[in-house]
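Step one of this worksheet: look at the structure below.
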Amino acid sequence: MNRFRRLRKTEALRDLVAETRLSPKDLIYPVFVKEGSDIREEIPSMPGVFRYSIDRLDEILDKVEETGISGILLFGVPDKKDEQGSGAYDPDGILQRAIRSIKSSHPGIILISDICLCEYTSHGHCGLVCEGEILNDETLPLLAKMAVESVQSGADMVAPSDMMDGDVEAIRTALDEEGYEDIPIMGYSAKFASGYYGPFRDAAGSTPHFGDRRSYQMDVRNGREAIRELENDIEMGADIIMVKPALSCLDIVREARSEFRYPLAVYNVSGEYSMVKAAALQGWIDERRVVLENLTAMKRAGADIIITYHAIDVCEWIGEK
Ligand code: PBG
Ligand code: ZN
1 MNRFRRLRKT
11 EALRDLVAET
21 RLSPKDLIYP
31 VFVKEGSDIR
41 EEIPSMPGVF
51 RYSIDRLDEI
61 LDKVEETGIS
71 GILLFGVPDK
81 KDEQGSGAYD
91 PDGILQRAIR
101 SIKSSHPGII
111 LISDICLCEY
121 TSHGHCGLVC
131 EGEILNDETL
141 PLLAKMAVES
151 VQSGADMVAP
161 SDMMDGDVEA
171 IRTALDEEGY
181 EDIPIMGYSA
191 KFASGYYGPF
201 RDAAGSTPHF
211 GDRRSYQMDV
221 RNGREAIREL
231 ENDIEMGADI
241 IMVKPALSCL
251 DIVREARSEF
261 RYPLAVYNVS
271 GEYSMVKAAA
281 LQGWIDERRV
291 VLENLTAMKR
301 AGADIIITYH
311 AIDVCEWIGE
321 K
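Going left to right, the sequence shown walks through residues 1 to 321 as the numbering used here numbers them.
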């Protein structure tokens, strides 16, 4: 008889043969920075996640540093928006000022700037809009400008989340022209048009005012196309590729892991976070067990890097052992 239970007998034995381990170094914590001062406001649909003004960012950045989390993914929440999303690439806009401030106060944290226009456009779409259409090629120079501004302000990496075709290539070319050949790009390579982004759009104020994002984000029915998107981001110069959301795309994570020899990130998105939090707050599930199980499943599927709102809690839990 095969006796699998021999190695399940004690915690020490189980730990010895564990195939998958979580480390703070795997994790990236998303941070929302808002215009204004003395602000720390909880996002109603994301209990435990806050928007901070620049002057109070230290409260969260100190925690990120203490826990040993590798980096943050930064999102700006501006006061004013316009058709062109000009706040995204304004050197004095909220994002660029926040980057400069974080870089001087916490230089050891990997600072990743999320590159997209939707938080800054009055219509809430990720690209320029003309007669109800989301323009692709006309959006690219603006994304490139946002990336260059972010790096000039001190960002260590840029992560285009717009899902315009050719975004990574346009950004790579622009960064190289400015002498930033050494700045890596993490592509949101396979990003699906997902219902799980709802709470994030509350957090960042980026809900589209008309239509939806299905003309640029991927159709959830398409797994093969996701592999082509990942392949294309690599060809365009992405250094790290990403699958998003995480939990509903573990099949794609597994396939990407065996197909590509590049660092692979997953984004454990807002809706995935909020569902767990809501059930935990009701007392219906054990939050710690469920979160660790979800994140372990992402790594077991093949992810190297996990972007997650649970990052700080997870570090406390794995440190306790
Ligand atoms: C912006 C962006 C979104 C997310 C990351 N960057 C929202 C969207 O595409 O609508 C989603 C993150 C999350 O839900 O946690 N392009
Ligand atoms: Zn966007």
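Beta carbons: idealized from backbone N, C-alpha and C, even for Gly.
Quick caveat: nothing in here was measured; it's all calculated off a predicted structure.
Whole-angstrom C-beta distance between residue j and residue i, which should lie under 8 Å
i: Ala144; j: Ala174; result: 4 Å
i: Cys249; j: Gly68; result: Wrong, their Cβ atoms sit about 27 Å apart, outside the cutoff.
i: Asp38; j: Asp55; result: 7 Å
i: Val168; j: Gly187; result: 5 Å
i: Ala193; j: Met218; result: 6 Å
i: Gly302; j: Leu264; result: 6 Å
i: Gly85; j: Leu7; result: So it is not a contact: roughly 55 Å between Cβ atoms.
i: Leu61; j: His106; result: 5 Å
i: Tyr89; j: Met146; result: 4 Å
Beta-carbon spacing of residue i, residue j below 9 Å
i: Ala159; j: Ile234; result: no
i: Leu73; j: Asp114; result: yes
i: Ile312; j: Lys63; result: yes
i: Ile28; j: Thr308; result: yes
i: His123; j: Pro208; result: yes
i: Asn129; j: Tyr180; result: For clarity, residue 129 is Val in the given sequence; the question names Asn instead. No.
i: Lys244; j: Val220; result: no
i: Glu59; j: Arg51; result: no
i: Ala335; j: Tyr262; result: Here the chain has residues from 1 to 321 only, and residue 335 is not among them.
i: Thr121; j: Asp165; result: no
i: Ile241; j: Phe260; result: yes
Contact test: residue i Cβ vs ligand 4 heavy atom, cutoff 8 Å
i: Pro30; result: Here the bound small molecules are ligand 1 and ligand 2; ligand 4 is not part of this structure.
| query | Any residues whose CB sits closer than 6 Å to a heavy atom of ligand 2? List them in chain order? | reply | My final list is Cys116, Cys118, Cys126, Ser161 and Asp162.
Margin query: Does the stretch 32 to 41 come into contact with the stretch 91 to 101, if we say contact requires no fewer than three beta-carbon pairs (one atom in each stretch) closer than 8 Å?
Written below: Short answer: they touch.
3 or more residues per run - each beta strand (DSSP E) lying fully within the stretch 89 to 176 = Scanning the stretch 89 to 176 for uninterrupted beta strand (DSSP E) segments of 3 residues or longer gives 110 to 115 and 157 to 160, listed from N- to C-terminal end.
Can we say the stretch 291 to 307 touches the stretch 46 to 55, given the rule of at least three CB pairs closer than 8 Å?
The stretch 291 to 307 vs the stretch 46 to 55: no contact.
State whether the stretch 9 to 19 contacts the stretch 165 to 179, with contact taken as three or more CB pairs (one from each stretch) at a distance under 8 Å.
Judged by Cβ distances under 8 Å, the stretch 9 to 19 makes no contact with the stretch 165 to 179, as fewer than three pairs qualify.
- Query: Quick one: any contact between the stretch 268 to 280 and the stretch 222 to 240, if contact means 3 or more CB pairs under 8 Å?
  - Reply: The stretch 268 to 280 is not in contact with the stretch 222 to 240.
Can you check the stretch 227 to 281 for any beta strand (DSSP E) of at least 3 residues that lies completely inside it and give the ranges in chain order?
You should have 240 to 244 and 264 to 268.
Any chance the stretch 251 to 259 sits against the stretch 198 to 208, with 3 or more Cβ pairs inside 8 Å?
-> Contact fails: fewer than three Cβ-Cβ distances are below 8 Å.
- beta strand (DSSP E) runs contained entirely in the stretch 175 to 214, provided each spans 3 or more residues: DSSP runs (the beta strand (DSSP E)) wholly in the stretch 175 to 214: 186 to 191.
Output the residue ranges of the alpha helix (DSSP H) runs that lie fully inside the stretch 41 to 70 and measure 4 residues or longer, sorted by chain position.
Listed in chain order, they are 58 to 67.
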